[in-house]
Amino acid sequence: MPADLIKGMSPLQKFRFQYKPRVPSNLKDIALITAVPDVTSLEPDVDSTQKTVLKEVFKKTYGKPVIHLSAKGSGSKQDRKPIRASVVLSGGQAPGGHDVIAGIFDALRSVSPSSELIGFLGGPSGILNDQKKTLSEDIINAYRNTGGFDILGSGRTKIEKPEDIARCQEILEKNKIDALIIIGGDDSNTNAAMLAEHLNSRGSPVLVIGVPKTIDGDLKNKFVDISFGFDTASKVYSELIGNIAKDSLSAKKYYHFIRLMGRAASHITLEAALQTHPNVALISEELAHRKVTIRELVEDIGKIVIKRADLGKNFGVILLPEGLIEFLPEVKTLLQELNHVLAEHHEYVNTLRGFTEQSEYINQKLSRDSSYTFSGLPIDIQRQLLMDRDPHGNVQVSQIETEKLIIEMLETYLGEQKAEGRYKGKFAYQRHFLGYEGRCAAPTNFDTDYSYSLGRTAVALILAKANGYMTVVKNLAKNRDQWEALGVPLTGMMNLESRHGKQKPVIKKSLVSLDGSPFLLFAHEREKWALEDDFRFPGAIQYFGPPEVSDLPPISVTLETTEDR
Ligand code: FBP
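If you want my numbering, it's the position in the sequence shown, counting the first as 1, plus 1.
Written out as structure tokens, the structure is:
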């Protein structure tokens, strides 16, 4: 048996280890970096009332300046003491996490070969339980340029209660750690800001730095072009959508409904639409803005299906974002009521046996309109809205099969149209959910270079004694040499939002902007895509070959950073 053929790693795995991430020029030599703070402090983009509250909450860390990193230092290593840094991966996996850690590790070693990097295991709970491992050169080398978060594991425990924040201080100080680097999304970075404030106000020397991670693309603002992981995940999905479109075009017998991950925001769906030109792509933010009901939405899709049938086309590709259901006005109201009822009556609800009893009880507590909406949803979806909650009580949108709901209602609508002689086609479908397929893919060259640069930036910020900062690498649509690394105070990205009925300071989530170039371009083209089958086939991620193929940034990032700013 030729067992050697399948022994060990795949050829790509082996070659990928040899890839040397490219970094912006101001990050090339850590010894040369000098931190240059802006002369003015960074104010968050909120009204004066919100600023007053933020100043009160973040007494020590509010109003710090942006820190620029200049490569014009002296190169002297005299006062470079070894650093003992720690790192934690928080939340959903995103391609590039291992490269952030490799970037931190290499930069620490270039500060001093005696520097150490401690990784907390299994996400933020690893800090609370003091579960950790020291990352050696061998461990790091085994994970360079690979997907996944398996070097340490990740988790969704939130460090926000005062006792958890105090416990973190205790663990970090007990372990003599100089800095904690939190790799996470908007919530984890919000908690990083709270921890930074706590440590500073208690006179602790430990620094906290956040790194922007999430495939969802909703952690971006005038400083952050995009979080790491978005590029790879959306490229994986776009490849698969292109393949499905080709199948649909060849067999001409199915409508493919493809639900895409991305939580509330539709950035992934929009990027995938720009990459592949589907017949229909639903953008939740637009539907919410137009206050489209489920019935109207189904009719809009149905009209396209009917027009295509008139052209002899009974097939197509329809993309929908996983958060869609939460944006439809009647479902949004229903969810708000459900959250309220569940919060108020959760102890009693937990004593009820099974879904039927629970839903009957809760239904009585809803308003007439919401009760009507709830009862009209398929049982599976009712169950998911009631029972599949994450540890924080949020609906787990990735578990809700919205496409099922739309397909069921579409079949009814098309049946009615057929009975009235307005539809002569045949409707057969396939359902897909693309999410977990993309979160741990081997990072693209873009994500590898970007993530590694973010890791190096974190160390440059530790050297600058920056506490409560996010690592930022800007100008991502340009060549790597023109990328620019800097540190931005986390409080400068905050606003107040209502959480569980209370106003809370949080890092502002970015939804798809209906005035932004990516959406406007999509809106301009979509009528043509609906009927003409102008599919685009991005193909598989290329790790080698011409830069025009292998180094491309996401289309939406190119559009936003070159035109919108
Ligand atoms: P983060 O916001 O933590 O980066 O997670 C992103 C995400 O992949 C979402 O797109 C998705 O809704 C969610 O995680 C799924 O969560 P889980 O991994 O717990 O199933």
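Even for Gly, the Cβ is constructed at its ideal location relative to N, Cα and C.
Take the Cβ of residue i as the centre, count every other Cβ of all protein chains shown within 10 Å, and call the residue buried at 16 or more, exposed below.
| i | result |
| --- | --- |
| M262 | buried |
| T352 | exposed |
| N480 | exposed |
| S137 | exposed |
| T413 | exposed |
| M10 | exposed |
| T53 | exposed |
| I7 | exposed |
| Q282 | The displayed chain sequence assigns Ala, not Gln, to residue 282. Buried. |
| G243 | buried |
| H290 | exposed |
| G324 | buried |
| A167 | exposed |
| N204 | Per the sequence presented here, residue 204 reads as Gly, with Asn not at that position. So G204 counts as exposed. |
| D370 | exposed |
| A234 | buried |
| A467 | buried |
| E404 | buried |
| G642 | Examination of residue 642 is not possible in this model, given that the chain is present from 2 through 566 alone. |
| H268 | buried |
| N280 | buried |
| Q385 | buried |
| H525 | exposed |
| A4 | exposed |
| K509 | buried |
So residue i and residue j are supposed to be a Cβ contact under 8 Å. How far apart are they, rounded?
| i | j | result |
| --- | --- | --- |
| F121 | L70 | Wrong, their Cβ atoms sit about 26 Å apart, outside the cutoff. |
| Y544 | L13 | 7 Å |
| T562 | L477 | 7 Å |
| P555 | E272 | 5 Å |
| Y63 | T492 | 5 Å |
| S1 | D46 | In the structure displayed, the chain extends from 2 to 566; residue 1 sits before or after that span and is not available. |
| G98 | F150 | 5 Å |
| S319 | H257 | One point to set straight first is that residue 319 is Ile, not Ser, in the sequence displayed. Indeed they touch by this definition, with Cβ atoms about 7 Å apart. |
| H433 | I245 | 7 Å |
Return the residue from the list the options that minimises the CA-CA distance to residue i.
| i | options | result |
| --- | --- | --- |
| E331 | I295, H346, E345 and K314 | I295 |
| F356 | I380, N192, Y453 and K510 | I380 |
| E567 | L336, Q337 and Y362 | Residue coverage of the chain in this structure runs from 2 to 566, which leaves residue 567 outside it and unanswerable. |
| F328 | A265, S371, N244 and T374 | A265 |
| L560 | S371, S115, D226 and E138 | D226 |
| L118 | N244, Q94 and R85 | R85 |
| M1 | I556, V342 and P12 | Coverage of the chain is limited to positions 2 through 566, which leaves residue 1 absent and any answer about it impossible. |
| S376 | K56, Q397 and L339 | L339 |
| G123 | M494, N27 and K159 | K159 |
| F231 | V558, T563 and Q397 | V558 |
| K65 | E57, Q51 and D39 | D39 |
| I68 | K177, R260, G469 and F447 | G469 |
| E300 | E171, D179, I408 and H346 | I408 |
| P547 | N446, M494 and I184 | N446 |
| K427 | I34, K314 and D188 | K314 |
| P96 | L55, I178 and T215 | T215 |
| V474 | S239, V489, Q400 and A465 | V489 |
| Q132 | I102, V101, I105 and S87 | S87 |
| M494 | D188, Q400 and A443 | D188 |
| F16 | S49, N146 and L28 | N146 |
| G303 | I34, K73, L532 and N27 | L532 |
| S91 | S155, S251 and S249 | S155 |
| F82 | Q365, T374 and S116 | What sits at residue 82 in the sequence shown is Lys, not Phe. The shortest C-alpha separation from K82 is found at S116. |
| V507 | T135, P125, N192 and V112 | N192 |
| D248 | I34, H346 and Y430 | Y430 |
| K425 | V350, V101, R23 and D311 | D311 |
| A36 | E485, R260 and T334 | E485 |
| A541 | K223, A197 and S551 | S551 |
| L487 | F224, K134 and L208 | F224 |
| Q170 | I183, A197 and G148 | A197 |
| S111 | Q483, L33 and R423 | L33 |
| R23 | Y451, I172, H199 and I31 | Y451 |
| I31 | T374, F520, A461 and F316 | A461 |
| T472 | A442, P519, V101 and M410 | V101 |
| A465 | N364, Q418, K175 and D179 | D179 |
Is there at least one non-hydrogen atom of ligand 3 closer than 6 Å to the beta-carbon of residue i?
| i | result |
| --- | --- |
| R260 | Because ligand 3 does not appear in the structure shown, any question about it cannot be addressed here, the ligands present being ligand 1. |
Item to check | Entirely enclosed alpha helix (DSSP H) segments - the segment 253 to 292, minimum 4 residues | outcome: Whole alpha helix (DSSP H) segments, 4+ residues: 268 to 277 and 285 to 290.
Item to check | Ordered list of beta strand (DSSP E) runs contained in the segment 312 to 363, each at least 3 residues | outcome: Under the rule that a run must span 3 or more residues, the beta strand (DSSP E) segments found entirely inside the segment 312 to 363 read 317 to 322.
Item to check | Segments assigned alpha helix (DSSP H), at least 4 residues, entirely inside the segment 409 to 472 | outcome: DSSP runs (the alpha helix (DSSP H)) wholly in the segment 409 to 472: 437 to 440 and 446 to 464.
Checklist entry - Quick one: complete beta strand (DSSP E) runs, 3+ long, within the segment 479 to 560? => result Runs found: 485 to 490, 495 to 500 and 503 to 508.
Checklist entry - Going along the chain, which unbroken runs of the alpha helix (DSSP H) with 4 or more residues stay wholly within the segment 11 to 46? => result The qualifying runs are 12 to 18.
Item to check | Every unbroken alpha helix (DSSP H) inside the segment 110 to 195 [4 residues or more] | outcome: The segment 110 to 195 contains these whole alpha helix (DSSP H) runs: 126 to 129, 138 to 144 and 163 to 175.
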